[in-house]
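Have a look at the structure below, then the notes.
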Amino acid sequence: MSTPNGFPQHSRVCLTRSMEGGAVQDLQAKKAGKAAKKEAGGDGVPPKIGTPISETLKLLPEELKANMKIKSITPRPPRKPRLERAASLDEKSWRKWRRFRTSQESLTDPNETSSSNGSLQEASPSPPTRGRASPCNPCCQQDSLHSSPDALEASPGGKSRGGASDLGKRASEISSAFGGLLRGKGFAGGKPRLSQIMPARPLPPMELNVASHSLRTANRIDSDCLDYRHYSQHKFGRVSSSLSDSRLQGNGTLYDNCSTDSMKSTFSVLTPIRAKDVRSRSYLEGSLLASGALMGAEELSRYFPDRNMGIFVATWNMQGQKELPVNLDDFLLPADPDFAQDMYVIGVQEGCPDRREWEIRLQETLGPHYVLLHSAAHGVLYMSVFIRRDLIWFCSEVEYATVTTRIVSQIKTKGALGISFTFFGTSFLFITSHFTSGDSKVNERKLDYNKTIQALTLPKNVPDTNPYRSSSSDVTTRFDEVFWFGDFNFRLNKDRETVDSILNQNPDTDVSKLLVYDQLTSEMSRGSIFKGFQEADIHFRPSYKFDIGKDSYDTTSKQRTPSYTDRVVFRSRYKDDIQAVKYSSCPVIKTSDHRPVFALFRVKLRPGRDNIPLAAGQFDRDLYLIGIRRRATRELLKRRERKDQRSSSICSIS
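Heads up: the sequence shown is residues -9 to 644, going by my numbering.
As structure tokens, then:
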């Protein structure tokens, strides 16, 4: 609040005077007295004695006002309070009132230096002390007195108690006091001190992790999937394109990583579905339109931004052994690739008697991230197809067919087993075979191949994705991507001594000299078998025939020649759709005379339509539960063993 003259009512003012000298002071004092008498005589009502100094300045002449200017006051934080002696009750009440006043006033740093023209900083009054004179001049004391609560209470109702003579004397004192201030004598007794004010302390930091403990636990990411997020963000850049980030940050909402990840799973991974789409879709035999289809381009780009998926294909002749390997991690989850594949297809020849136990072991090894899409058997030929559990909705119905190449035997040990389905808009065919054995029976093996491609009746209900490029006499032409793997029984056309000498010369990876004598390589180059198929480069030792439980080749009286009997070949309708990433064997598993052989592929996918019979998320639930229970039990046993080892350790002191 300001007076009509423009000065603040309850604040100090800093005055600067351009003229100096005592004569000017006397002239000002006389003029101030005359003005006071004139006002007192004209109005008949003297001014208030308790009027603040800012109102009294109205009596000053115009010449003095012209030489005065108001200096802007910049609020500054108070300095750190100094420790002083204990205060009396009067001092405490004064300080309490002063703290209340400082919330409405602006204080200037008393340590600020004066300007070169003699301008004076405003001084804040000190609290009254016993036995000490105030360091400020009478003007400051009087102004502080008139501004205190006691002075306000001394003049209630605004009535004065003095006359015109008192007012003239008061004006003379004020003018002389101002003259002393302008001559720099106001603070001769010492520097002014700020009042005791508690410094403003910063608020304690607030934790932004506002998610509850139960929410963090429910949305926690598995430890084995933490790095996959950084990998996908670095390679595909799909994690950063979440709608939840902008919504949360735009509203200024407090959030943490857990709540953001939960929102991301709602907006970026799952597709927003319109109500009209829900009404029109059956998800079993849906719309013919590619746009907005469940297996269309939008969904494909969401799950596979580069439209390439990883497939693991393996073959293993188990020799009918009942004993299964203790650990299949080195077989299904090799250490070379950093990440697991999207699909696992395992074919077995001469499988173990307990097929269900074999599938449980596969589920236990792959863990809860994968489900068994389909499995089939033809005698002792087994095939299992595992897929990531969040991809089962994009598969068509799974179909399979079998072919027997040896009719004489009651147990179907030789033949072929095929499984086919469509994933998004790409059709797949997987065939595992066991051809006729024998070093010299190359023609019989070619007959097995020809019979298989003609007699394998696939597909059945799922339509062909490109019927114009299909042939009724060759099943491999009716699918986009074909993988054929198994024990083909092709041998090396060389004696045992020569093969052993080559293996001893190049014990690691250089097996090019051996492949010169490979029967399958020569037959494929002639085009007599596996027409249109390719095979990745071989850099592993022959997978047949080993002594069980050992790394040595056949040491029996038959002295069979080591050979590459177990192979994986592939073909595609479109060029460069399949890229081989790795082709190797697993020498760790030694329960059979064959070593498992596997290959990793990157396969290009194409969008499809919903006009095909879909699997609707079907998988082997019972197998899934059994495998997960066994996995959990195995982990508990490992922890117990480690705990027992620590508790049973004995420290000996010598």
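Virtual Cβ for every residue (Gly too), placed ideally from N, Cα, C.
Requested in this report: Could you check if E625 is buried or exposed, using at least 16 other CB atoms within 10 Å of its CB as the buried criterion?
Outcome: exposed
**Report entry** Of the residues K521, I519 and L482, the one placed nearest S502, counting alpha carbons only
**Finding:** When each option's Cα is compared against that of S502, the closest is L482.
Query raised in the report: When DSSP labels each residue in this structure, what does A325 get in the three-state scheme?
Result: coil
Report task. From the DSSP output, in three-state form, read off Y439 for me. Result -> helix
Query - Where the alpha helix (DSSP H) through S374 begins and ends - result: Looking at the DSSP string, S374 is not in any alpha helix (DSSP H); the run it does join, the beta strand (DSSP E), is L371 to R378.
Query raised in the report: Going by DSSP, which residues form a beta bridge with Q524?
Result: F560
Query - Neighbourhood of R621 by C-beta, 7 angstroms cutoff - its chain only, sequence neighbours within 5 removed - result: E354 and G357
Query raised in the report: If we count the other Cβ atoms within 10 Å of its Cβ and call it buried at 16 or more, is R629 buried or exposed?
Result: exposed
Query raised in the report: How is the beta strand (DSSP E) around G337 delimited, first residue to last?
Result: M333 to Q339
Query raised in the report: So, using beta-carbon positions, are G286 and P597 closer together than 8 angstroms?
Result: yes
Query raised in the report: Excluding five sequence neighbours on each side, which residues of the same chain lie with their C-beta closer than 8 angstroms to the C-beta of K312?
Result: C342, P343 and D344
Query raised in the report: Going along the chain, which residues of its own chain have a beta-carbon closer than 6 angstroms to the beta-carbon of V14, five neighbours each way excluded?
Result: Only weak support is given to the placement of V14: the predicted model assigns it a pLDDT of 48, under 50, and the value that follows is read from those uncertain coordinates. There are no such residues.
Query raised in the report: How would you call N199, buried or exposed, if buried means at least 16 neighbouring beta carbons within 10 angstroms?
Result: The predicted position of N199 is uncertain, since its pLDDT is 48 and thus under 50; no value can be drawn from it.
Requested in this report: Keeping to the same chain, check which residues put their C-beta closer than 6 angstroms to that of D477; ignore five residues upstream and five downstream.
Outcome: N307, Q339, H424, T555 and D556
Query raised in the report: So, is the C-beta of S512 closer than 8 angstroms to a C-beta in chain D?
Result: In summary, chain D is missing from the structure at hand, where a single protein chain is found.
Query - Close Cβ partners of A208 (< 8 angstroms) along its chain, the five nearest in sequence each way excluded - result: A caution first: A208 carries a pLDDT of 39, below 50, which makes its placement in the model unreliable, though a value can still be read off. Here the set comprises nothing.
Query - Nearest-angstrom beta carbon gap, L407 and Y390 [assumed within contact, 8 angstroms] - result: Their Cβ separation, rounded to whole angstroms, is 7 angstroms, which keeps Y390 and L407 in contact under 8 angstroms.
Report task. Compute the Euclidean distance between the alpha carbons of K633 and S374, then round it to the nearest angstrom. Result -> 37 angstroms
Report task. Report the residue from L323, T546, T392 and T395 whose alpha carbon sits nearest the alpha carbon of Y360. Result -> L323
Query raised in the report: When burial is assigned at 16 or more other CB atoms within 10 Å of the CB, is Q509 buried or exposed?
Result: buried
Report task. Could you please give the first and the last residue of the uninterrupted alpha helix (DSSP H) stretch that includes V506? Result -> Where V506 is concerned, there is no enclosing alpha helix (DSSP H), given that its DSSP letter is neither H nor E.
Query raised in the report: CA-CA distance, A367 and F588?
Result: 20 angstroms
Query raised in the report: At a cut of 8 angstroms, does the region 609 to 621 reach the region 571 to 584 through at least three beta carbon pairs?
Result: no
Query raised in the report: At a cut of 8 angstroms, does the region 524 to 532 reach the region 440 to 460 through at least three beta carbon pairs?
Result: no
Report task. Return the Cβ separation of L595 and L290 in integer angstroms, given the expectation that the two are a contact with Cβ distance under 8 angstroms. Result -> 6 angstroms
**Report entry** DSSP-derived helix/strand/coil call for N298
**Finding:** strand
**Report entry** Straight-line gap, S365 to R636 (C-alpha atoms, nearest Å)
**Finding:** 43 angstroms
Query raised in the report: What does a CB cutoff of less than 7 angstroms around A526 pick up in its chain, not counting 5 residues either side in sequence?
Result: Apart from the 5 residues on each side of it in sequence, A526 sits with its Cβ closer than 7 angstroms to the Cβ of A570, Y573 and A589 in its chain, given in chain order.
Query raised in the report: Buried or exposed: which applies to P315, given that a residue is buried once 16 or more other Cβ atoms fall within 10 Å of its Cβ?
Result: buried
Query raised in the report: Does DSSP classify Y390 as helix, strand or coil?
Result: DSSP places Y390 within a strand segment (E or B) once states are collapsed to three.
Query raised in the report: Distance, Cα to Cα, S461 vs N440?
Result: 14 angstroms
**Report entry** Environment of Q331 [buried if 16+ CB atoms lie within 10 Å]
**Finding:** buried
Query raised in the report: With 16 as the cutoff for other CB atoms within 10 Å, does D214 come out buried or exposed?
Result: Note on D214: pLDDT 49, under 50, position unreliable in the model; the coordinate value appears next. Residue burial is scored here from C-beta neighbours: D214 has fewer than 16 other C-beta atoms within 10 angstroms and is therefore classed as exposed.
Query - Alpha-carbon spacing of T416 relative to S542, whole angstroms - result: 43 angstroms
Query raised in the report: With burial defined as no fewer than 16 other Cβ atoms inside 10 Å of the residue's Cβ, what is the status of C248: buried or exposed?
Result: Note that C248 scores a pLDDT of 42, beneath 50, so its modelled location is shaky; the value from the coordinates is reported in the next line. C248 comes out buried.
Report task. Pick helix, strand or coil for V593, following the three-state DSSP scheme. Result -> strand
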